[in-house]
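What follows is one structure encoded as structure tokens, with my remarks underneath.
Protein chains: 2
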Amino acid sequence: MTGEPSPAAPLPAARPLTGEAALLSRILPRLALPSLAADGRVEVGPGDDAAVVRLPSDRLVVTTDTLVEGFDFLPHATTPAWIGRKAAVQNLADVAAMGARPLALVVALSAPADTPPGTLEQLSAALAEQAAADGAHVVGGDLGRADRLTLTVTALGAMGHGDTPVLRSGGRAGDVLAIGSDRLGRSAAGLALILAGRARVAPDGAVALEGIRTPGAADLVRHHDAPEVDLSLGWSAGRTAHAMMDLSDGLVRDGRRLAAASQVAIDLDPAALEDDVRVLAALADELGTDPATDPWDWVLHGGEEHAMLAAFAPGEVPVGFRPVGRLLPAGPAGPSLTLGGREVAGEGFDHFG
Amino acid sequence: MTGEPSPAAPLPAARPLTGEAALLSRILPRLALPSLAADGRVEVGPGDDAAVVRLPSDRLVVTTDTLVEGFDFLPHATTPAWIGRKAAVQNLADVAAMGARPLALVVALSAPADTPPGTLEQLSAALAEQAAADGAHVVGGDLGRADRLTLTVTALGAMGHGDTPVLRSGGRAGDVLAIGSDRLGRSAAGLALILAGRARVAPDGAVALEGIRTPGAADLVRHHDAPEVDLSLGWSAGRTAHAMMDLSDGLVRDGRRLAAASQVAIDLDPAALEDDVRVLAALADELGTDPATDPWDWVLHGGEEHAMLAAFAPGEVPVGFRPVGRLLPAGPAGPSLTLGGREVAGEGFDHFG
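Chains as they are written, first to last, in this note's numbering: chain A, 3 to 355; chain B, 3 to 355.
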């Protein structure tokens with residue numbers, strides 16, 4: 003609040019944009035892409051108390067996720083644009099994993115007062131572009147102060163008319179567990195490069211690697227920072243799945259969640275994952291013998307892939323998915339997850355672990 | 003990620019809940035009130051990738067807002083429950099200000115690793131209770147790490163079947179500007195007590211005041227921390243308004259926004275605000291002569307009241323609202339806001355001011 007003792011002291015009528023208004027005037031055009039106005043679904047966009055969106059059905063899908071500087075990303079190891087893309091992807095993936103189409107996003111952005119406006123502009127523009135690529139618009143937001151850049155995206159989607167959501171709980175013994183990704187473990191390998199201090203990212207997205215010769219290592223960092231994943235599998239082929247979720251916290255941790263929700267046992271097939279492990283082996287060698295750089299660990303426990311993990315009837319795994327395991331009747335001890343019939347060590351990612 | 007070198011090392015099958023899972027197991031029951039399961043509108047609540055909510059119409063209303071420890075609240079001057087209530091109110095108010103009924107909330111909560119679980123439980127329970135009081139359920143969320151407690155709520159509402167939103171832009175010259183609150187300036191006065199170091203709040207909500215004898219001063223602190231406001235005015239009587247918004251950033255700043263959106267001049271009536279000022283005068287005297295403690299400043303520029311500010315046809319101000327000014331044709335310099343025909347100094351609250 004700006005303190006002014008008298009309610010009636012004269013002030014010039016024309017006021018330049020300062021503070022929050024000036025920042026918003028730079029960010030809003032980045033969020034409201036030209037396609038927004040042309041989209042009849044967005045009845046009220048940014049600028050009023052709330053946005054109003056017309057849905058194609060009465061079944062609304064909603065999810066929310068936060069990225070915090072220093073906890074969920076490191077400024078020296080990513081770019082503002084990639085932060086925006088990742089925030090969009092991780093939320094859109096949750097909508098897609100219900101078998102729904104993304105429709106709209108709202109974005110709450112908190113930043114230190116000295117954040118360069120260009121940082122917020124680049125982040126906002128990339129977030130809006132990523133959303134648009136999956137059919138969603140940024141329809142509203144909030145701008146406030148914090149001492150670390152913090153970004154909460156809420157994604158809205160809608161089920162198709164008459165469609166029901168694809169839950170985690172619909173898996174059946176006999177189903178095939180399949181993943182909508184060619185390669186697992188890449189995000190974790192990229193993170194390992196960052197945490198080992200071997201990767202720095204310039205503001206333009208150039209990845210500088212220190213003492214790493216493995217081809218494609220820079221792509222792993224990029225994939226960790228801004229995962230590229232075909233989310234449309236969720237609302238297209240994935241709709242035939244009995245159960246579906248997105249891979250956020252690792253194949254083992256998320257697989258256990260699907261097993262628990264569906265009351266089944268899941269057995270991952272080591273042979274199905276050997277190629278994923280093999281292509282990361284050279285990088286693991288370069289990074290040394292730290293257990294956290296074991297490529298099996300990256301593939302089994304690596305989070306933030308956001309690919310669709312789904313259970314299909316046998317013989318009905320659609321194009322875009324590949325089998326990685328089977329659903330079996332739960333044993334006497336209840337739902338479980340194994341790898342080739344054996345217990346798996348490790349738990350995947352835990353914010354409070 | 004928990005690093006484990008071997009994918010096949012044996013582990014006990016039963017795992018105690020630790021970390022994120024343990025925290026969620028304490029928080030989720032607080033969010034998912036018994037009424038949630040009984041409400042047919044919530045098809046999928048917390049626990050899957052996203053929530054699924056059935057809407058009464060195809061017009062979805064959505065808004066988002068963040069509270070950050072140290073910027074939007076001070077731990078020694080509020081309680082976890084009040085933080086939760088305020089986060090709910092400020093978002094529900096935005097939905098109400100569109101003339102829509104709140105339906106659901108999602109909550110993204112980031113906290114330091116050493117946050118007492120009880121803090122998150124109390125915050126979550128109060129947030130869910132406040133939402134329920136206005137007809138909304140907490141249907142999903144996100145839990146992550148940060149070095150300050152940070153809370154982003156996204157509120158969803160729906161227009162009634164066939165209803166259109168009440169925008170800021172519908173005000174017409176001749177309308178009466180009215181506020182859905184008996185008293186303005188209370189939140190700002192409460193904040194002044196806190197910022198002057200004269201108020202401390204115990205975890206149980208007891209307000210200790212230092213050297214303040216004005217009756218009702220503790221209520222001002224409580225009102226700042228967890229405003230009590232009749233939001234139902236938005237989706238009931240407020241639906242007859244030509245224009246409506248909620249009072250977030252002060253009567254002057256928000257009034258200017260309504261004037262700009264409606265392309266009118268607004269003249270506030272000093273006589274209509276004199277009672278609001280008078281009841282705060284004794285407290286202002288006790289706090290001394292700092293210009294920021296001028297009661298006119300609290301009434302004109304005080305934010306975070308979240309009452310409905312609306313423009314009605316003359317003679318049609320409904321019960322629950324009281325007139326505070328008039329809408330006039332904009333002058334040659336465009337939309338403006340005056341107090342008794344004179345310019346008003348000050349700008350209200352600005353995050354980046």
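Note that CB positions come from ideal geometry on N, CA and C, so glycine has one too.
Predicted model only: the values in this text are computed from it and were never measured.
Query	Result
So, with DSSP's three-state summary, where would you put Gly21 (chain A)?	helix
Could you pull out every residue in the same chain whose Cβ sits closer than 7 Å to the Cβ of Ser59 (chain A), ignoring the five residues on either side in sequence?	Ala160, Met161, Gly162 and His163
If we ignore side chains and look at the alpha-carbon of each, how far apart do Leu193 (chain B) and Arg150 (chain B) end up?	20 Å
Could you tell me the distance, in whole angstroms, from the CA atom of Ile214 (chain A) to the CA atom of Asp287 (chain A)?	10 Å
Three Cβ pairs or more, each shorter than 8 Å: is that satisfied between the region 264 to 284 of chain A and the region 297 to 306 of chain A?	yes
Tell me which residues share the same chain as His225 (chain B) and place their Cβ nearer than 8 Å to its Cβ, disregarding the 5 neighbours each side in the sequence.	Arg188, Ser189 and Gly192
Using 8 Å as the limit for Cβ to Cβ distance, is Thr242 (chain B) near chain A?	no
Report the rounded CA-to-CA distance for Ala134 (chain B) versus Val108 (chain B), giving the unit in angstroms.	13 Å
Quick check on the burial criterion: 16 or more other C-beta atoms within 10 angstroms. Buried or exposed for Pro48 (chain B)?	buried
Could you give the C-beta distance for Ala128 (chain B) and Arg87 (chain B), rounded to a whole number, given that I count them as a contact under 8 Å?	5 Å
Run through DSSP, which three-state label would Ile85 (chain B) get?	helix
So Ile196 (chain B) is in the alpha helix (DSSP H); what residue range does that whole segment cover?	Arg188 to Leu197
Output yes if chain A places a C-beta closer than 8 Å to the C-beta of Glu45 (chain B); else output no.	yes
Going along chain B, which residues have a C-beta under 8 Å from Leu169 (chain A)?	Val46 and Asp50
If you follow the alpha helix (DSSP H) that Ser126 (chain B) is part of, which residue opens it and which one closes it?	Pro119 to Ala135
List, in chain order, every chain A residue whose beta-carbon is nearer than 7 Å to that of Asp232 (chain B).	Within chain A, no residue comes near Asp232 (chain B); the closest Cβ sits about 16 Å away, beyond 7 Å.
With DSSP run on the structure shown, which of helix, strand or coil describes Pro104 (chain B)?	strand
By the 8 Å beta-carbon criterion, what residues does the region 134 to 167 of chain A contribute toward chain B?	Val141, Gly142, Gly143, Asp144, Leu145, Gly146, Arg147, Ala148, Asp149, Arg150, Thr152, Thr154, Thr156, Ala157, Leu158, Gly159, Met161 and Pro167
Classify Glu307 (chain B) as buried or exposed, calling it buried when 16 or more other Cβ atoms lie within 10 Å of its own Cβ.	buried
Along the chain, where does the beta strand (DSSP E) containing His139 (chain A) start, and where does it finish?	His139 to Arg147
Taking Cβ-Cβ distances below 8 Å as the criterion, which residues of the region 312 to 334 of chain A are in contact with chain B?	none
Less than 6 Å between C-beta atoms, sequence neighbours within five positions excluded: which residues of the same chain meet that for Ser264 (chain B)?	Ser171, Gly173 and Ala245
What distance in whole Å lies between the Cβ atoms of Leu341 (chain B) and Pro272 (chain B), which are believed to be in contact at a cut-off of 8 Å?	6 Å
Below 8 Å between beta carbons is the criterion; list the residues of the region 61 to 80 of chain A that meet it against any residue of chain B, in chain order.	Arg61, Leu62, Val63, Val64, Thr65, Thr66, Asp67, Thr68, Val70, Gly72, Phe73 and Asp74
Under 6 Å Cβ to Cβ from Thr156 (chain B), same chain only, skipping five residues before and after it: list those, please.	Thr66 and Val108
Mapping DSSP to helix, strand and coil, what is Ile214 (chain B)?	coil
Mind listing the chain B neighbours of Gly57 (chain A)? Cutoff is C-beta to C-beta under 7 Å, in chain order.	The sequence as given places Leu at residue 57 (chain A); Gly does not occur at that position. What Leu57 (chain A) touches in chain B: Leu57, Asp60 and Leu62.
Of all the residues that make up the region 89 to 100 of chain A, which are near chain B by a beta-carbon distance shorter than 7 Å?	Asp96, Val97, Ala99 and Met100
Any C-beta of chain A within less than 7 Å: which residues of the region 210 to 226 of chain B qualify?	none
Could you give the first and the last residue of the continuous beta strand (DSSP E) run that contains Gly159 (chain B)?	Thr152 to Ala160
Verify whether the separation of the beta carbon atoms of Ser126 (chain A) and Ile29 (chain A) is less than 8 Å.	yes
On a CA-only basis, which of A:Val55, A:Asp50 and A:Leu329 is nearest Met247 (chain B)? Give me that one, please.	A:Asp50
Which whole-angstrom value is the C-beta distance of Phe323 (chain B) and Ala312 (chain B), which I expect to be below 8 Å?	6 Å
If we ignore side chains and look at the alpha-carbon of each, how far apart do Gly182 (chain A) and Pro104 (chain A) end up?	18 Å
Let me confirm a value: Glu212 (chain B) is counted as buried when at least 16 other C-beta atoms fall within 10 Å, else exposed. Which label applies?	exposed
Should Val326 (chain B) go down as buried or exposed, given a rule of 16 or more other Cβ atoms within 10 Å for buried?	buried
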